[in-house]
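S.K.: So for the sequence shown, the numbering used here puts the first residue at 18; every next one is plus one.
Built from N, CA and C at the ideal position, the CB exists for glycine as well.
Computed from a predicted model, the values in this text were never measured in an experiment.
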Amino acid sequence: MRLCPRALYLPACLTLTNDVRTLQRPRLKVSSLFLDIKAGCDNVDYNKLARILREGGIPPFLVSWVSPFLGERSCTLVFQAAPGTPAPINVGPPQGSLISPLLFLLYVAPLHFTIRQGLMISYVGDFSLTVASLPYGGNIRRLQELFDKLDAKAALLGVSFSVQKTELIH
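Written out as structure tokens, the structure is:
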């Protein structure tokens, strides 16, 4: 059985829909800010990931297994059938690997926090911040504060959010 990529988002969409309806019941206004991590996997730093894994209780043998997977790779460019010198690749887990999305999820796990009268949902490199209050203006102020907090945490990991892919929905 093959899953449609959209089907993978379904649980997050259902969670968001349910929570928005719950927040609206006491006649609160609900707003969501949708964010996308720019070049997500390319910005995974092995040393930071190793620290996150160790602090998360991952056994040392698994942490050491990740090291060659992320940091001991090289690429050789071939021009006119003359191979060049191998160059190290220092940018995150390889695209297309089955473990790359999992490593990225573990890498961005420190970005998550609890929102009073709201929620944060993420799916790989996509995040949503949802808040509720009586006026929409209050939501905008809260979302700005939450985004600033999230952006500061992201900067510590060396990732940022794509402005072009950011959306605000009331």
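1) Between A67 and A98, what straight-line distance do the alpha-carbon atoms span, to the nearest angstrom?
2) In angstroms with no decimal places, state the Cα-to-Cα distance between L167 and G101.
3) Reducing DSSP to helix, strand and coil, say where R19 ends up.
4) Could you name the residues of the same chain whose beta carbon sits closer than 6 Å to that of N60, not counting the 5 residues immediately before and after it, in chain order?
5) Rounded to a whole number of angstroms, what is the C-alpha to C-alpha distance between T131 and A29?
6) Taking only runs of the alpha helix (DSSP H) that begin and end inside the region 76 to 153, which ones reach a length of at least 4 residues, in chain order?
7) Once the 5 residues before and after I138 are set aside, which same chain residues still bring their CB inside 8 Å of it?
8) Does DSSP put K55 in a helix, in a strand, or in coil?
9) For A149 versus G135, is the C-beta distance shorter than 8 Å?
10) Sort out for me which residues DSSP pairs E184 with in a bridge.
11) For the alpha helix (DSSP H) that N64 lies in, which residues bound it at each end?
12) Just to confirm, is the Cβ distance from L87 to P110 under 8 Å?
13) Would you say the beta carbon of F164 is closer than 7 Å to some non-hydrogen atom of the ligand HEM?
14) Do F164 and I54 have their CB atoms nearer than 8 Å?
15) Is S48 closer than 8 Å to I157 when the C-beta atoms are compared?
M.R.: The answer reads as follows:
1) 38 Å
2) 42 Å
3) Confidence is the limiting factor: at R19 the pLDDT is only 44, short of 50, which leaves the residue's position unreliable and the question unanswerable from this model.
4) G175 and V176
5) 16 Å
6) 77 to 88 and 117 to 125
7) A29, T32, L33, F144, S145 and T147
8) coil
9) yes
10) F51
11) Y63 to E72
12) yes
13) Only the bare structure without any ligand can be found here, which leaves the ligand HEM out of the picture.
14) no
15) yes
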